[in-house]
Structures are given as C-alpha cells and as structure tokens.
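Numbering (UniProt numbering), first residue to last: 1 to 522.
Right, here's the structure in full:
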C-alpha cells in the first residue's frame, strides 16, 4: 500500500513539473559564452550590443545583417506565430494538434522542433491561398519588435533580415512594414501547388545569402547583429567585419516599438484571434471555446426575442458592455424621436447599427454595402443592401428616410485600428439633419470582423468574447448650409478626431473639447 502511494505521488509530481515547465516557465535559450566562439575571431570580431547602440559613426555606409528572432524581436519563442498560422490557415483542429505536440517540440531541440511545427502548420495548405503571412502575422510581429534595436537597424544603408522561419511568414512584415531591403529565410517545399510541410536545407539559405552579398562590394562594410542562442550558424556572418551579440537580459529591458514609429501605418489586418497565442493563452482560449459558444447563443437569443428595455440589462449581465454618451445640448423634447434623420457612423463591426439601436432604444433601418444572407436573416433590425450605384443608392435611401431614421457607415468596410477610411459623401446629400456617431469596440479573444473568412460568423465571434465592449458617442446634429462635400468632410474629420483621442487617452470621448457646428462653419 505504501509503495502504491509513493508511486502515485511520484506520478502526479512528474506530471505537474512537466506541464509547469512548458506552460508557466518557458525554456530559456542556451547562451554561448564569448569564449566558446573565439574560434571564429580570425574572420570577424564579436562585440556587445551596447557598443553598437552608442556607436557614434554613421551606419548609412554599412550593410546590416541581423537575426530577426535573435536580435529584432523581444520574444525568443516562435510558437505564437506558428499557432497563428495553424489556427488562421489550418483551422481549430490543427491548432489543437500543435498545442498538444508543443511539449515534445521543446524536448527535441530547436531545429527538429522547428521542423515539427512547420509540418503541423503547413502540410496540405494551398500555396496560392496562404495569406496569413501578409494579413495576420505583421500585426503580432510589429508588436514584438524592440524599439532600441529597430532604431539601430533603420540607420543602416542596406538592411538584410535573416530568419530561421519560413520566408512566407516574415517577408511581408519585414519588407512592407519595416522597409527591410532583403529577406533571407527558409524556403518551403511545394508539390502540385500545396505545401508538403518540409523546408529546404540550410545550404539553400546560404545560397540566397550569397546572392545578397554579391552586390555589396567590400565585406568590411558588413555588420552582423545576432543573439546568443545555441543553434547560431556562424557561417551566416562569415563575411562580416564585426558581429554584435544581443543577450536575453538586454532584450527584456527593451521597449516595444510604438505605433507612431511604424515606418508604414498598420491600418488593415485580418484574422480571428485578438490575443497573442502563447501556449498558456492558447490553452485558455480552447477551454473557453465551448463556454463562449453557449454564451453567444444566449446573447443572440436574448437580443432577438426581448424588447430593448428588458434585453439591455440582461445582456449587460452576461458580460456585454455598452458605454453611451449624448450631446449635452439635447433638449428633453428632442431626444432623437423625430423621424427622417440620418445617423452617420464610422464602421467597426456589423453590429454597429444594432448597438446604435440599443443606444436609442428603438429600431433603425441600416443600409450597408456588404451583408451576408445569414446576417440579414438574423438581424433584429431592418437591413438594406446598397448596390454601389450612386443614383440607385440615393433613391433607395431617400425612400427609406420618408418612413423613419436611417443609419449608414460611409466607409463601406470595417477597420479595427484608429483610422477613418475613405468614404462616400452620398449621405450628406440626402437629409436635412445628420447626426454623426463615433463608435469603438474592444475584444479580448476574437475579432468580430474578417476579410478572408465567413462574414456571417462575424457577430457570433464577437459575442463569444467573455466581456466585449462597445462605445457609442452621439455628436451634435448638423444641418447642411455648407457645400455638401465640405459638410461630409467636416463630419468624418470630427469622427476621426474623436477616434484618435480615445485611443490615445484610453478613456471615453469628451465632447467638451468639440463643437462640431462651429468647426464646420469655419
């Protein structure tokens, strides 16, 4: 009996230590000391990263070859980026398999573990339809860039990004958003238009790097930047006069690259996941999925079957948050009860008109440029599709305004970031009274918009979040005494102003600093 108790205690202790190691205490990268790599000092000299950061000489005349994962990104783990590929390009089942295999990935070493993750994530994916590297990964990679290292890299004359990841995962991020001149990464093998889950050998990477070096002239103009990790291939930097090493301790002290310092603004990005899928966050998300599915069904049923005065408190009890702000100059007899008004709002999700209806506690008619048949059926308010034909759309909207109030999103497409897209001024030509509405939303797990997935599931994914929140800001009504184009520009300009202020200040929009009528009249 005592022997069985001891065996049972040992078993549970082993299981606890095993999972604690991989989910709560990420493996630290093995560092090679400078003394272990002095064999290459006859080719180039290793130096500390700080000496490059405070270097006074100009780097514009040099070519910088930097290790993307080891030197540019703060995190040393590439699992979240592979999880994004698995979930967004392969589906839920592939993501579950990757999470289950991850402990063994950590045990077999970096190179073999990388091959395992590539096999799980890319096997059977069609090459032409793979868009994750261009539409999903750049957002998460940009958020992981160290500001201090990027300030060094951007000073280089020519910049070469060297990555151990497949090139299709990092090329768009480096070239389009960080303006890197050349990207050298692992190539994926393709058979009959599909990825087979295998990478080309490292000698192919060496060949690609040699092609980059051919036009660079004297090798003394090349500077390498890498991190201390056990699979560092010194031959990549064999033609560099100097190589600077970055330690994990230094990377932890870096700051994330601020959004306003992005060389190219991140306006559009796709994908369902709003969180960075680390192993622990991925496990939490998968555990939440069944609960979120049931909770979304409850929220949809409540919104469709009950009147506003009953459904609103019940929906708030389930975790939905709605912040409302109205103009202080609104009269009691006004209260937005007159018919024939047009509400013009920025576009966050397909639920924008519905949340505005909850704000006003009455039904509105929503006109939209793109709406799935399923969303049209499930919508608790009347929805009308626009054809993008100016004359026909104007006729349709004028007819609807005769019977009630109308809500329109002039941008025509959703945008998750604090930017206002190019819009149609048609709405400013149709109504005497226009009420601008500034809308913002926040999610913690799943985005309620998509460009490459099923748009009919957008509201469902939004409602699967534990505590999704919406902010609805009603502005002062505007009458069009000005030329119509100037009026529409003024309205949308103020919406952009409010969106930007809220994102920067992190608090609800403040109407005290805004008088829309005075600003448009000037």
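Glycine included, every Cβ here is placed at the ideal spot set by N, Cα and C.
Inter-residue spacing [alpha-carbon to alpha-carbon] between residue i and residue j
i: residue 361; j: residue 309; result: 7 Å
i: residue 253; j: residue 246; result: 12 Å
i: residue 162; j: residue 67; result: 5 Å
i: residue 257; j: residue 140; result: 12 Å
i: residue 285; j: residue 371; result: 28 Å
i: residue 436; j: residue 354; result: 16 Å
i: residue 98; j: residue 107; result: 14 Å
i: residue 523; j: residue 248; result: This structure cannot settle anything about residue 523, because the visible part of the chain is limited to 1 through 522.
i: residue 238; j: residue 142; result: 29 Å
i: residue 454; j: residue 144; result: 29 Å
i: residue 514; j: residue 434; result: Any answer about residue 514 is weak, because its pLDDT of 32 lies below 50 and its placement is not dependable; what the coordinates show is given next. If I take the Cα positions, the gap works out to 17 Å.
i: residue 23; j: residue 369; result: Low per-residue confidence applies at residue 23: pLDDT is 47, beneath 50, and the placement is therefore not dependable enough to give any value.
i: residue 380; j: residue 367; result: 14 Å
i: residue 130; j: residue 250; result: 35 Å
i: residue 279; j: residue 84; result: 12 Å
i: residue 244; j: residue 110; result: 22 Å
i: residue 262; j: residue 395; result: 43 Å
i: residue 121; j: residue 95; result: 8 Å
i: residue 112; j: residue 119; result: 11 Å
i: residue 456; j: residue 386; result: 17 Å
i: residue 478; j: residue 428; result: 10 Å
i: residue 272; j: residue 116; result: 24 Å
i: residue 69; j: residue 179; result: 17 Å
i: residue 346; j: residue 450; result: 17 Å
i: residue 471; j: residue 438; result: 8 Å
i: residue 325; j: residue 352; result: 15 Å
i: residue 393; j: residue 373; result: 19 Å
i: residue 105; j: residue 226; result: 23 Å
i: residue 152; j: residue 73; result: 13 Å
i: residue 170; j: residue 146; result: 16 Å
One or two residues paired with residue i in a DSSP bridge
i: residue 442; result: 469
i: residue 67; result: 162
i: residue 106; result: DSSP, once it has assigned bridges, lists no residue as partnering residue 106.
i: residue 409; result: Residue 409 is not bridged to any residue.
i: residue 182; result: 160
i: residue 101; result: The partner list for residue 101 (beta bridge, DSSP) is empty, contrary to what the question assumes.
i: residue 553; result: This structure gives no information on residue 553, because the portion of the chain shown stretches from 1 to 522.
i: residue 345; result: 437
i: residue 297; result: Bridge partners of residue 297: none, in fact.
i: residue 385; result: 368
i: residue 145; result: 73
i: residue 322; result: 470
With 16 other Cβ atoms within 10 Å as the buried cut-off, status of residue i
i: residue 441; result: buried
i: residue 391; result: exposed
i: residue 265; result: exposed
i: residue 86; result: buried
i: residue 341; result: buried
i: residue 290; result: exposed
i: residue 403; result: exposed
i: residue 217; result: At residue 217, the pLDDT of 44 sits below 50, so the modelled position is not reliable; the number obtained from the coordinates is stated separately. Exposed is the call here.
i: residue 304; result: exposed
i: residue 126; result: exposed
i: residue 416; result: buried
i: residue 293; result: exposed
i: residue 448; result: buried
i: residue 188; result: buried
i: residue 191; result: exposed
i: residue 75; result: buried
i: residue 193; result: exposed
Contact check, residue i vs residue j, beta carbons under 8 Å
i: residue 312; j: residue 358; result: yes
i: residue 174; j: residue 168; result: no
i: residue 468; j: residue 375; result: no
i: residue 300; j: residue 62; result: no
i: residue 318; j: residue 462; result: no
i: residue 65; j: residue 160; result: yes
i: residue 277; j: residue 103; result: no
i: residue 364; j: residue 406; result: yes
i: residue 464; j: residue 274; result: no
i: residue 78; j: residue 165; result: yes
i: residue 384; j: residue 344; result: no
i: residue 444; j: residue 466; result: yes
i: residue 314; j: residue 322; result: no
i: residue 123; j: residue 195; result: yes
i: residue 398; j: residue 430; result: yes
i: residue 327; j: residue 476; result: yes
Minimum Cβ-Cβ distance from residue i to chain D less than 8 Å
i: residue 348; result: Included in the structure is just one protein chain, with no chain D present.
Is it the case that the segment 424-438 contacts the segment 405-414, given that we only count it when at least three CB pairs across the two stretches are under 8 Å? Segment contact: the segment 405-414 against the segment 424-438, three or more CB-CB distances shorter than 8 Å; contact assigned.
Report yes or no: do three or more beta-carbon pairs, one from the segment 146-165 and one from the segment 122-137, lie closer than 8 Å? No: fewer than three Cβ pairs fall under 8 Å.
Count Cβ pairs between the segment 75-93 and the segment 183-199 that sit closer than 8 Å; are there 3 or more? Between the segment 75-93 and the segment 183-199 there are fewer than three inter-stretch CB-CB distances shorter than 8 Å, so the stretches are not counted as touching.
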